[in-house]
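One structure is given here, and the rest of the page talks about it.
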Amino acid sequence: METTQQAAAQQRSAADQRRRELLEAADRVVLRDGPHASMNAIAAEAGITKPILYRHFGDKGGLYRALAKRHTDALLDALRAAVDAPAERRERVEATLDTYLAAIEARPQVYRFLMHPSEDAQPTEQGFDVGRHSAPLLRRLGEELAKVIYDRVDLGPESEQLARVWGHGIVGMMHAAGDWWLGERPCSRAELVRSLADLLWGRLAAAADKAGGQGF
Numbered sequence: 011m012e013t014t015q016q017a018a019a020q021q022r023s024a025a026d027q028r029r030r031e032l033l034e035a036a037d038r039v040v041l042r043d044g045p046h047a048s049m050n051a052i053a054a055e056a057g058i059t060k061p062i063l064y065r066h067f068g069d070k071g072g073l074y075r076a077l078a079k080r081h082t083d084a085l086l087d088a089l090r091a092a093v094d095a096p097a098e099r100r101e102r103v104e105a106t107l108d109t110y111l112a113a114i115e116a117r118p119q120v121y122r123f124l125m126h127p128s129e130d131a132q133p134t135e136q137g138f139d140v141g142r143h144s145a146p147l148l149r150r151l152g153e154e155l156a157k158v159i160y161d162r163v164d165l166g167p168e169s170e171q172l173a174r175v176w177g178h179g180i181v182g183m184m185h186a187a188g189d190w191w192l193g194e195r196p197c198s199r200a201e202l203v204r205s206l207a208d209l210l211w212g213r214l215a216a217a218a219d220k221a222g223g224q225g226f
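Residues in the sequence shown are numbered consecutively from 11, following the working numbering.
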């Protein structure tokens, strides 16, 4: 029995490692091709056939979800670090905004792959709907930020609901403003950060830290 369990664990470990290698290959293609990245190109980069890629991810939607989770996890870690930094609240608000904008600026092709459909997708891949997959990504960010706000800021009555309103509203603002800024570059990143922080600051400045929380 133990030998069988060990063999199964080794198989799972090998499968997880192979999946990570395929995601790294997909990342390289996305960095190069952005929203034009195709399953054919990713399979070629990984040195496998497309049916093997399908075996691991199902279709481009499955691959997208795996890549989205990978990058969202990394972004959330960076955002949490910005929120936890030993600084005044205004500085942490600006650092959180800047962390998001810096992430999409550093890897614009990845951002475009996750948020913008390709206009010249291969006929076999036309069923890939970016909007259907990107909405859960933004909702996840909104819920994570809402939890941070609820845990750290005293918003008074109905604080949980208000924290969710703020969390999703701030993520929506960051996404919309960041998308516009990345495409047009009308100002510096620092100027955009200050302007967005100014927009948020009124109620945030007035709210007290939640008793017993880490503070925000």
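Even glycine gets a Cβ: it sits at the ideal position worked out from N, Cα and C.
DSSP places A25 within a helical segment (H, G or I) once states are collapsed to three.
Between the stretch 210-220 and the stretch 156-171 there are three or more inter-stretch CB-CB distances shorter than 8 Å, so the stretches are counted as touching. Between A78 and L124 the beta-carbon gap is near 6 Å, inside 8 Å, which marks them as a contact.
In the DSSP assignment, F67 falls within the alpha helix (DSSP H) that extends over K60 to F67. Judged by beta-carbon spacing, L155 lies beyond the 8 Å limit of V120, meaning their Cβ atoms are not closer than that value.
Under the DSSP assignment, H81 falls in the alpha helix (DSSP H) whose first and last residues are K70 to D94. Under DSSP, no beta-bridge partner is assigned to A54.
Exclusion of the five residues before and after R29 leaves H66 and A76 as the residues of its chain whose Cβ lies within less than 8 Å of its Cβ.
If you look at R174, you'll find it in the alpha helix (DSSP H) that goes S169 to E194. Annotated three-state conformation of A112 is helix, per DSSP.
Under the DSSP definition of a beta bridge, V163 partners with D219. For R122, the enclosing alpha helix (DSSP H) has its first and last residue at P118 to M125. With a cutoff of 8 Å on beta-carbon distance, A113 and A145 are scored as not near each other. Contact between P196 and H126 is absent: CB atoms are separated by about 19 Å, not below the 8 Å threshold. Going by beta carbons, R38 and E115 fall outside the 8 Å limit.
CA-CA distance, R204 to Y74, rounds to 33 Å. Taking the Cα of R122 as reference, the smallest distance to any Cα among A207, E201 and A47 is reached at A47.
Secondary structure of S48 (DSSP, three-state): coil. Annotated three-state conformation of E98 is coil, per DSSP. With a 10 Å radius around the Cβ and a threshold of 16 neighbouring Cβ atoms, I52 comes out buried. In the structure shown, S198 falls within a coil segment according to DSSP collapsed to helix, strand and coil.
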